[in-house]
Structure formats: C-alpha cells, structure tokens
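Report on the structure given below.
Numbering (the working numbering), first residue to last: 1 to 669.
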C-alpha cells in the first residue's frame, strides 16, 4: 500500500505544480486543451526551481523546497485570472478518461515494485544508474553549491573533463533534472532518494501518457479511443518498461520532451497566418527544450529531426521557403533561450560527447524487429527485449509490416501530407537505429545500447507512425476496421504479457537497496571514521555505498562510473562487504549490519581479503532476512593480503551448504 500511496502522491504533486504554468503557456488556439501540458509544465518548473537554487548558497532543497510550493500557487492564481476557474474546470473534465488511464498505468507499473519489499526502496533489473541518480538527488537536496566537504570536493576522485567537484558534475555533465525532481519532491514529502528513485521513474513514464495521446489525436488524426489506446500501450509496453525497471528516468523525460516539441512544431506550421503567430508556441517550446537541456542535453542535436523532416517535405510541396525560414526562427529562438538558462549544460555538450567516445557505456541490447516496435517481445530472461521465437515472431512481424505499409499506401492516395508525416517520423530515426546496430555488430561494442536509447526517446513519435493503421477504425470498409480491431487486441495482449514477464524479472532481481545495504549509511555518523576505502566488490553496492556516504571522502580500488575514479587508497578505514567481511579485534573494527564491516588501516591487525578464482556470480533469496551466496566451481580461492611487516594469525569463519554430502578441504598456500 505504501508504494501506491507514494507513487500517486508524487504524480499528483508534480501535476499540481504544472496547472498554473500550463494555463499560461498554452497557445490561444489550443487553450481548451491546456490540461495536456500540465505534466511537462510541472516537471520543468520543478527542475527550474532546483536549478536556480543550485546556483545559490542555500543548503539544498531541504532549505527551500517547501517555500518553493508558493510558486505553483502564484502561477495558478495568475492563470485563473486569465481564464476563469469554471471554464478551466470544464476543460479539465474533458480529460477525465485520460486521468483514469494514468491511474491504471501507474497501478500496473507500481505493483511489481511493491511485491519486492514491504518498505519503500529501489530495485533494478540490470542497470546500476539508480544509485547515480540517488547520489545526485542527495547532492541537490543536502549541500550548498559552494560546499566541498566530504566526497564533493575530493578532486582526485571526482574530477572528470573540466569539472573538479561532484556538485558541478551534476550541473554540467550528468542528468540534472531527474535528480532535481527526486530531491525536491523528497524534501517536500519527507522521503529519501533510495525510497523514491525507482518510483519516480515509474511516475515519469505515466506523466508522458497525455502527450502521447495528444500527439496521436492532434497530429496523426486518430480518434479519441484509438489515441487513448495508443497512449496506454506506450505506458505498459516492454520497450518503455525496460527503461523504467532499469531506472532510466533521463531517457523517459527526453521522450516526453520530444513528443512536446514535435507536436508544437507541427502545430506551429499549421497555424493560420503563414507562421507569423509562431511566437504563441514559444512558452511550450521553452518547456520542451528546458526538459531536454536538463535531463538529456546531448539529445538536443537530433530532437528536432522528425518534425523538421516533416515540415521540410511539406515545404517542398508548397514551395514556401519563406514560411520555412520563419518556422525555423520560431523553433530556434526558444531553443537558444532555454540554452542560456541552462548555460552550464549547453556549455558542457562537447565534453559530454567526448566522454561518449572515451567510454563504451551500457551493454548489448537485442535488435528490435518489426513486432518489437509495437512491444511484442520475448519479455523474459536476461534479454527481455529479444525477439519472440518460432513461427509467432514471423507472423507478428509480418502483420506489423503489412498493416503499416497497407495503411501508408492508402494514405498516399488519400492524404499525401499524412503519408509524408509517417515517413518523416520513421525514416530518420530508424536509419540512425540501424546504423548504431550495425556499428555494434561490426566493432563488437555496446552501440546497440545507444540504438535502444535512440529508439526509446523517439518512441512516442515512432509509435504514432507505426500504428498508422489506426486510421482504418474510421474507414468505411468493415474489413479494414476488423483488421485494425484485431491488431489492437493482439498488441494489447502481447504488451500485457510482456509487462507481466518483466514484473517477474523485477521480483527476482539481485539489484535492490535492502536493509543490509542501507545500514552502510550509519558510517556517515561515525566521527572517528574520517575517510573510507570502498572495497565492496559488486558495482551496484559500490555505487549505493557512495550515495549513502557523500559526507565522507571515499576512495575506489576500481573505476566506479563517472566521477568515481580509481586512485591510491588513501582512506583511513576499509569498508568490506558482500559475501566477505574482515573483522579485527578491539576498537579498530566495526560490524555494519549483517554484510559489511569496517577496519582501520592503521590497525596492527589490518589486512585485506577478496574472492579469487573459481566462484560463480552472487545469487539471492528474499525473505525476512535476505540471503546471499556464491556457488563454487569446485576449487575456489580466497586471497588475503597482509600489509604488515609481521605475520598475522587469521581465523576463517564461513557457512557452506551442498546439494549432496561431500567433504570440504581448505588449503593454505
């Protein structure tokens, strides 16, 4: 129940923030539909408040978060002074059905997380980015911009490109807006980043639903029911669910922003007056570009590709290049203004791309074949986005292509502009997707990870185009209507199936912030511990340890993500954990929960230990007390390092189990 209360609370809090701004920035021609833009307005307003707060000496959102609640109230009063509350209420009532779909989507996406643990926490099916976002949230929540205490000012470890401290890393190079949203909402609602990072990602996906609906309804010409169905499929699709349960809020925000600027660009082009009233869309474009700069700044260079391709094609038909020039001007001015507001992020764009060249981020993700474009994927195992196996894959893929091509050819005859819109929405993005997949195959790198990210941020636009056959629901032909209805049923069933299988993956995931891991946070309060060497072996735990101990200088044996370089271990205490703990007698050691321990490096008993060869990966069994274990491959080694100038007596305590009766031998040497 607590998961549902918090997820709905986060959703409503963001929506409340957006009401007033949405009333103010909606173009006059579309003012009856202002509720569509409540979500992005709330998100960008919260992001802007934290951005401004991060450039003061206030100690984070804890200091100003609740005072900031006055801003959306003031904007609401201003908005209602321009459009009375009765009319605004009727406008809002038109979208009650969408509100119901959002509630249903939020319920379906939150339940898998609620089944993982009783207490609020964050879980991931593979990516460790959640800890990074949580660390950023703590930075923006608890520290002032000039604070260089603890880990924040440890230049030797945190320096990256031109940034020499952990605070500026979040302002210039990392995904600012997702962490800003977590920080502000947590400060207001009395929550912690480890509790809400996963839930916030779910909420961000659900908040995109109205924009996907409106893009389908207003741009593609689908009916109300078809547009609602499409928006719901976007919300429950394994394509977006994969991002949600890998805790990737940045790309979900980018998808929402791209949907907004794409719609605004097309609506501006269609505005009567030859583009002279383009300024009326400036407010919405500032909202969209502001989200992109804050959340996913590097995508700004291609975010306008589909809408520009569409408008360019329509320009060639009319041969009205003067209108195109005006349109480009009205699009680029808000882009430039928002870049000035987020100047540090715009200035860091080149460095961001250089870092992409330096590191092979991510992992290999399977190619999405035609049936996968509509969310019909395997959904199970370590590669949930892999194609379906057997004849079913060919049948569903063939249906996807045949219906898309058939609907497009029919539009070529009847609606040339709509047919070109489909081409402009699909061709540039899928060309980039194919190129990145090819690079991954040719060079054996993780370019398929970038391909998936590209696909996912443009997924609102792509999904509208892939489902062009929804126009058949309004066709006179009963055969075409039947085909469209049949495909709706198939896609719905397959997406619900995929979501269910993903939820099972969530419930079985090893990557969870459990009570044992949270216990590490106690080290921050230990005055005698001045600095820490993080010797925890697995990546997920190291990153979360970093997020939980930001007030302590930390040193890493291995490179642990950006801003956490491997350096000489200068800490005065070692933090050990996972399957292996080191304990020493007397006050030079401390036990942290069930899985972690501290050892003072100046102790005469100090030594280090790590698992050597012959071990399989960690496995997990959840219950009242989570149990971790590693299977051995037969012979397995444990490596001890004695940095002292004298021998040490070591006592080994271990728990071992076997499926069959067998002897255990311990060899020293």
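Virtual Cβ for every residue (Gly too), placed ideally from N, Cα, C. Note that this is a predicted model, so its numbers are computed, not measured.
I'd like to check one pair, residue 253 with residue 204: are the Cβ atoms closer than 7 Å?
For the purposes of this step, residue 204 is identified with residue 204 of the chain shown, where counting begins at 1. For the purposes of this step, residue 253 is identified with residue 253 of the chain shown, where counting begins at 1. Yes, they are a contact pair.
Using 8 Å as the cut-off, can you tell me whether the stretch 230 to 242 makes contact with the stretch 172 to 180, which would need three or more C-beta pairs spanning the two stretches below that distance?
No contact exists between the stretch 230 to 242 and the stretch 172 to 180.
At the level of alpha carbons, what is the spacing between residue 68 and residue 320?
Sequence index remark: in the chain shown, residue 68 carries index 68 (1-based). Sequence index remark: in the chain shown, residue 320 carries index 320 (1-based). Roughly 46 Å separates the two Cα atoms.
Any alpha helix (DSSP H) of 4 or more consecutive residues that is wholly inside the stretch 103 to 177
129 to 142, 155 to 158 and 166 to 172
Taking residue 223 as part of the alpha helix (DSSP H), name the residues at either end of that continuous run.
For the purposes of this step, residue 223 is taken as the residue at position 223 of the chain shown. From DSSP, residue 223 is part of no alpha helix (DSSP H); its letter is neither H nor E.
Exposed or buried, what is residue 546 when buried is set at 16 or more other beta-carbons lying within 10 Å of its beta-carbon?
Taking the first residue of the chain shown as position 1, residue 546 is located at position 546. Buried.
Alpha-carbon to alpha-carbon, residue 447 and residue 101:
Taking the chain shown and counting its residues from 1, one reaches residue 101 at position 101. Taking the chain shown and counting its residues from 1, one reaches residue 447 at position 447. Rounded to whole angstroms, residue 101 to residue 447 spans 35 Å at the Cα level.
Give the C-beta separation of residue 216 and residue 127 to the nearest angstrom, bearing in mind that I take them to be a contact with Cβ-Cβ under 8 Å.
Within the chain shown, residue 216 is the residue found at index 216, counting from 1. Within the chain shown, residue 127 is the residue found at index 127, counting from 1. Between residue 127 and residue 216 the Cβ distance is about 29 Å, and since that is not below 8 Å, they are no contact.
Do the stretch 149 to 163 and the stretch 74 to 89 make contact, defined as three or more Cβ pairs closer than 8 Å?
no
So, are the CB atoms of residue 589 and residue 583 less than 7 Å apart?
As a position in the chain shown, residue 589 is number 589, starting the count at 1. As a position in the chain shown, residue 583 is number 583, starting the count at 1. Contact flag set, yes.
DSSP state of residue 231, grouped into three classes?
Indexing the chain shown from 1 puts residue 231 at position 231. If DSSP states are grouped into helix, strand and coil, residue 231 belongs with the helices.
From which residue to which residue does the beta strand (DSSP E) around residue 592 run?
Sequence index remark: in the chain shown, residue 592 carries index 592 (1-based). Segment 589 to 592, the beta strand (DSSP E) holding residue 592.
Exposed or buried, which one is residue 357 when buried takes at least 16 other CB atoms within 10 Å?
By one-based count along the chain shown, residue 357 stands at place 357. It is exposed - the Cβ of residue 357 has fewer than 16 other Cβ atoms within 10 Å.
Are the beta-carbon atoms of residue 553 and residue 289 separated by less than 7 Å?
By 1-based counting over the chain shown, the position of residue 553 is 553. By 1-based counting over the chain shown, the position of residue 289 is 289. Residue 553 places its beta carbon 7 Å or farther from that of residue 289.
With distance defined between alpha-carbon atoms, name the residue in 149, 26 and 498 nearest to residue 531.
Taking the chain shown and counting its residues from 1, one reaches residue 531 at position 531. Ranking 149, 26 and 498 by Cα distance to residue 531 puts 149 first.
Comparing C-alpha positions only, which one of 21, 29, 53 and 562 sits nearest to residue 39?
Here the question's residue 39 lines up with position 39 in the chain shown. Of the candidates 21, 29, 53 and 562, the one whose C-alpha sits nearest the C-alpha of residue 39 is 21.
Same chain, Cβ closer than 7 Å to residue 591, neighbours up to 5 away in sequence not counted:
Counted from its first residue, the chain shown places residue 591 at position 591. Same-chain partners within the cutoff: 583 and 597.
May I ask which residues mark the beginning and end of the beta strand (DSSP E) holding residue 597?
Sequence index remark: in the chain shown, residue 597 carries index 597 (1-based). That run of the beta strand (DSSP E) goes 596 to 600.
Quick one: measure Cβ to Cβ for residue 642 and residue 607, integer angstroms, because I've assumed they're closer than 8 Å.
The count along the chain shown starts at 1 and reaches residue 642 at position 642. The count along the chain shown starts at 1 and reaches residue 607 at position 607. Separation of the CB atoms of residue 642 and residue 607 is rounded to 5 Å, and the pair is thereby assigned contact status at 8 Å.
Give a yes or no on contact between the stretch 361 to 368 and the stretch 430 to 450, applying the rule of three or more CB pairs nearer than 8 Å.
yes
Going along the chain, which unbroken runs of the beta strand (DSSP E) with 3 or more residues stay wholly within the stretch 316 to 359?
none
Let me make sure I understand the geometry here. Which of 618, 603 and 211 has the alpha-carbon closest to that of residue 646?
If you number the chain shown from 1, residue 646 lands on position 646. For the residues 618, 603 and 211, the minimum Cα distance to residue 646 belongs to 603.
Tell me the rounded alpha-carbon separation between residue 659 and residue 37.
To locate residue 659, count along the chain shown from 1; it is residue 659. To locate residue 37, count along the chain shown from 1; it is residue 37. Roughly 58 Å between the two C-alpha positions.
Could you check whether the stretch 300 to 318 touches the stretch 127 to 146, counting it as contact only if at least three pairs of C-beta atoms, one from each stretch, sit closer than 8 Å?
no
Just to confirm before moving on: does the CB-CB distance between residue 338 and residue 286 stay below 7 Å?
Numbered from its first residue, the chain shown carries residue 338 at position 338. Numbered from its first residue, the chain shown carries residue 286 at position 286. Their beta carbons are under 7 Å apart, which means residue 338 touches residue 286 by this criterion.
Bridge partners - residue 475, DSSP secondary structure assignment:
Here the question's residue 475 lines up with position 475 in the chain shown. Paired residues: none, contrary to the question.
Own chain residues within Cβ distance below 6 Å of residue 593, not counting five before or after:
Here residue 593 refers to the residue found at position 593 of the chain shown. Around residue 593: 516 and 519.
By the DSSP assignment, the alpha helix (DSSP H) with residue 293 in it spans what residues?
Walking along the chain shown from the start, residue 293 turns up at place 293. Note, residue 293: alpha helix (DSSP H), 282 to 295.
Alpha helix (DSSP H) segment containing residue 576, residue limits
Here residue 576 refers to the residue found at position 576 when the chain shown is read from its first residue. Membership of residue 576 in any alpha helix (DSSP H) is not indicated; the residue belongs instead to the beta strand (DSSP E) covering 573 to 577.
Thinking just about the alpha-carbon of each residue, which of 551, 471 and 138 is nearest to the one in residue 50?
As a first step, residue 50 is located in the chain shown; it is residue number 50 there, counting from the start. Here the closest residue by C-alpha is 138.
CB-CB under 8 Å to residue 313, same chain, minus the five flanking residues each way: which ones, in chain order?
On the chain shown, position 313 is the one that residue 313 refers to. Answer for residue 313: 420, 423 and 424, listed in chain order.
Could you check how far apart the C-beta atoms of residue 211 and residue 256 are, in whole angstroms? I think they sit under 8 Å.
In the chain shown, counting from the first residue as 1, residue 211 sits at position 211. In the chain shown, counting from the first residue as 1, residue 256 sits at position 256. Yes, residue 211 and residue 256 are in contact; Cβ-Cβ is about 6 Å, under 8 Å.
Between the C-alpha atoms of residue 572 and residue 523, what's the straight-line distance to the nearest angstrom?
The residue you call residue 572 lines up with position 572 of the chain shown. The residue you call residue 523 lines up with position 523 of the chain shown. Computed Cα separation, rounded: 13 Å.
Rounded separation between residue 220 and residue 375 - CA only
One-based indexing of the chain shown puts residue 220 at position 220. One-based indexing of the chain shown puts residue 375 at position 375. Going by the C-alpha atoms only, they are around 20 Å apart.
Between residue 575 and residue 535, how many whole angstroms is the CB-CB distance? I'm expecting something under 8 Å.
Counting from one through the chain shown, the residue named residue 575 turns up at place 575. Counting from one through the chain shown, the residue named residue 535 turns up at place 535. Contact holds; Cβ gap of about 6 Å.
Taking only the alpha-carbon atoms, compute the straight-line gap between residue 636 and residue 383 and give it to the nearest angstrom.
Taking the chain shown and counting its residues from 1, one reaches residue 636 at position 636. Taking the chain shown and counting its residues from 1, one reaches residue 383 at position 383. The alpha-carbon atoms of residue 636 and residue 383 are separated by roughly 29 Å.
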